[in-house]
Amino acid sequence: MKKLLSLIFLYNIAFAHPHYFIDVDLKINANKIYHQWQFDRINSKILLFNFDKNRNNIFEKNESIDFYKTILTPIKKDNFHLFIDSNTIEYKFKKLNDFKISYTNKRLTINFTTELQSLKETTMCTIDSSVYMAFKLNSVDTTLKIQTQKSEYDFCIGTI
Numbered sequence: 105m106k107k108l109l110s111l112i113f114l115y116n117i118a119f120a121h122p123h124y125f126i127d128v129d130l131k132i133n134a135n136k137i138y139h140q141w142q143f144d145r146i147n148s149k150i151l152l153f154n155f156d157k158n159r160n161n162i163f164e165k166n167e168s169i170d171f172y173k174t175i176l177t178p179i180k181k182d183n184f185h186l187f188i189d190s191n192t193i194e195y196k197f198k199k200l201n202d203f204k205i206s207y208t209n210k211r212l213t214i215n216f217t218t219e220l221q222s223l224k225e226t227t228m229c230t231i232d233s234s235v236y237m238a239f240k241l242n243s244v245d246t247t248l249k250i251q252t253q254k255s256e257y258d259f260c261i262g263t264i
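Throughout, the working numbering is defined as the position within the sequence shown, counted from one, plus 104.
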């Protein structure tokens, strides 16, 4: 019985870890956040293989749309793993604005923006409750005063 329970426990641990590792760079101004998500090399190669149909390492419009629908639309229900709260208003996004996808230096990168009325007293976090994606904050470019809190799989930024 102990062996069976041990196997079940180890099986759960083996699958309870992130599958995508994403490096994040942010640029924050008064009412807009510019997001850059860069996928790890292994997943970049897999995603490129799945979505770059003509194998030219460039995402044409139809390939970008296919990527967005397949990869990002399913996480729309979780607000694209973005939690943004400003003065007790929790922002919900119907889509990611200015979406662009590229592949350079063996890494797939997506860029997009989120617009807010004001970033005063705002908290922004990346949260994936399924621990399917791990977000690592690389840099924040802003003139606003911010506080940052990081964990192994996500981060939060608050404006003061």
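We treat Cβ as the ideally placed atom computed from N, Cα and C, and that holds for glycine.
{"Query": "Residue 146 burial status per 10 Å Cβ neighbour count (16 or more: buried)", "Result": "exposed"}
{"Query": "Range covered by the alpha helix (DSSP H) that runs through residue 153", "Result": "145-155"}
{"Query": "Candidates 162, 240, 179, of which the one nearest residue 253 by Cα", "Result": "240"}
{"Query": "Cβ-based neighbour list, residue 184, same chain, cut-off 8 Å, excluding 5 preceding and 5 following", "Result": "176, 197, 200"}
{"Query": "Of the listed residues 228, 261, 154, 246, nearest to residue 212 (C-alpha basis)", "Result": "154"}
{"Query": "Same chain only: Cβ atoms within 8 Å of residue 124, ignoring 5 sequence neighbours per side", "Result": "143, 144, 147, 236, 237, 238"}
{"Query": "Span of the alpha helix (DSSP H) around residue 167", "Result": "165-171"}
{"Query": "Boundaries of the beta strand (DSSP E) in which residue 220 is found, first to last residue", "Result": "It is not in any beta strand (DSSP E) - residue 220 carries neither H nor E in the DSSP assignment."}
{"Query": "Proximity below 9 Å, CB of residue 230 to CB of residue 189", "Result": "no"}
{"Query": "Run of the beta strand (DSSP E) containing residue 183, from where it starts to where it stops", "Result": "Careful: residue 183 lies outside any beta strand (DSSP E) and carries neither H nor E."}
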